[in-house]
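Take 111 as the starting number for the sequence shown in the working numbering and just add one per residue.
Glycine residues also receive a C-beta, built at the ideal position from the N, C-alpha and C atoms.
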Amino acid sequence: MTAAFIDPRPPASEAILAAHRPRVCQRILASGRPAIAGARAACYNPAVAEKTPRIRNKKARHNFAILETIEAGLVLEGSEVKALREGKANIDDAFARLRGAEVWLYNMHIGPYSQAGQFGHDTRRARKLLLRRREINRFLARAVEKGHTLVPLAVYFKRGWAKVELGVARGKREFDKREDLKRRQAQRDIDRELARRRRGG
Numbered sequence: 111m112t113a114a115f116i117d118p119r120p121p122a123s124e125a126i127l128a129a130h131r132p133r134v135c136q137r138i139l140a141s142g143r144p145a146i147a148g149a150r151a152a153c154y155n156p157a158v159a160e161k162t163p164r165i166r167n168k169k170a171r172h173n174f175a176i177l178e179t180i181e182a183g184l185v186l187e188g189s190e191v192k193a194l195r196e197g198k199a200n201i202d203d204a205f206a207r208l209r210g211a212e213v214w215l216y217n218m219h220i221g222p223y224s225q226a227g228q229f230g231h232d233t234r235r236a237r238k239l240l241l242r243r244r245e246i247n248r249f250l251a252r253a254v255e256k257g258h259t260l261v262p263l264a265v266y267f268k269r270g271w272a273k274v275e276l277g278v279a280r281g282k283r284e285f286d287k288r289e290d291l292k293r294r295q296a297q298r299d300i301d302r303e304l305a306r307r308r309r310g311g
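Here's what the structure looks like:
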C-alpha cells in the first residue's frame with residue numbers, strides 16, 4: 111500500500127499571504143472585496159479593529175425615539191474605506207430611504223482620504239446598504255408608518271466589513287426632549303453621588 115503524500119507547504123493562498131502579509135492585508139481589507147479565499151479572516155486583527163473609530167450619530171437619540179434597530183452592510187469605494195478608518199465621517203444629518211427594491215443611505219459625509227490626491231470620492235454621494243430581502247420587508251414595514259423614518263445610529267467596521275446600525279425612528283416632541291434632558295441630568299446627579307459615597311466623601 112502506497113503511503114499518501116502530504117505536502118508540508120501551506121496552501122497557495124496562505125503562502126502568498128504569509129510572504130506579503132502587510133501589503134496584501136492592507137489591500138484586501140481596504141478594498142472591501144475578498145481577493146483571496148479565506149484571506150479576510152486571516153488578515154483580521156482585533157488590536158487594529160479596536161483602534162478603528164466608531165462614528166456615532168450625536169443627534170439621533172435626542173431628536174428621535176428609536177423603535178427598532180438592525181445592522182446593514184455599507185458599500186464603499188476604496189478611498190472611502192480608508193477615510194472612514196481615519197475617522198473622517200459624519201452621520202448626524204444622514205437618513206436612509208428605499209429606492210426601488212434597495213435601501214440607500216443619503217447625506218452621510220465621508221471626508222477625503224489623506225493620501226487620495228486629486229482622485230478622491232464624492233463626499234456626500236448616496237451609498238447602498240446591504241440587507242436581506244426579508245429584513246428589508248420586515249424593517250421597512252415599520253418605517254413607512256406615519257411619522258417614522260430610517261436614521262443611521264452608528265458606522266463601524268466588523269471583521270473588516272463596513273457596517274451601519276440603522277434605526278426605525280419616530281420624531282420626538284419638544285416636551286419629550288425636555289423630559290429626556292431632565293432624566294439624564296437626574297441620572298448624572300445620582301451617579302456622582304454614588305461615586306462620592308464609594309470614595310467615602
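- The three-state reading of DSSP puts G230 in coil, since its state is none of H, G, I, E or B.
- With the rule of 3 Cβ pairs closer than 8 Å, the region 208-219 does not count as touching the region 168-179.
- In the three-state reduction of the DSSP assignment, L241 falls in the coil class, being assigned neither a helical nor a strand state.
- L263 is positioned such that its CB atom lies closer than 7 Å to that of N167.
- Approximately 11 Å separates the beta-carbon atoms of K268 and A182; this is outside 8 Å, ruling out the contact.
- Within the same chain, and ignoring the five residues on either side of M218 in sequence, the residues whose Cβ sits closer than 6 Å to its Cβ are I201, A204.
- Secondary structure of L186 (DSSP, three-state): coil.
- A distance below 7 Å between beta-carbons, with the five flanking residues on each side excluded, links I246 to the following residues of its chain, in chain order: V213.
- In summary, G197 is exposed, with fewer than 16 beta-carbon neighbours lying within 10 Å of its beta-carbon over all protein chains present.
- About 6 Å separates the beta carbon of L184 from that of R237, a gap short enough to meet the 8 Å contact definition.
- In the DSSP assignment, A170 falls within the alpha helix (DSSP H) that extends over 170-173.
- Taking C-alpha positions only, Q225 is separated from G270 by approximately 20 Å.
- Here R252 really is in contact with V278; their C-beta atoms are around 5 Å apart, less than 8 Å.
- Taken through DSSP and simplified to helix, strand or coil, I201 comes out as coil.
- The beta carbons of A206 and I220 sit about 15 Å from each other, so the pair does not count as a contact at 8 Å.
- Our two residues, H258 and D301, have alpha carbons roughly 33 Å apart in a direct line.
- A Cβ-Cβ separation of about 22 Å leaves H231 out of contact with E275 under the 8 Å criterion.
- Inter-residue distance for H172 and L241 is about 26 Å (C-alpha atoms, whole angstroms).
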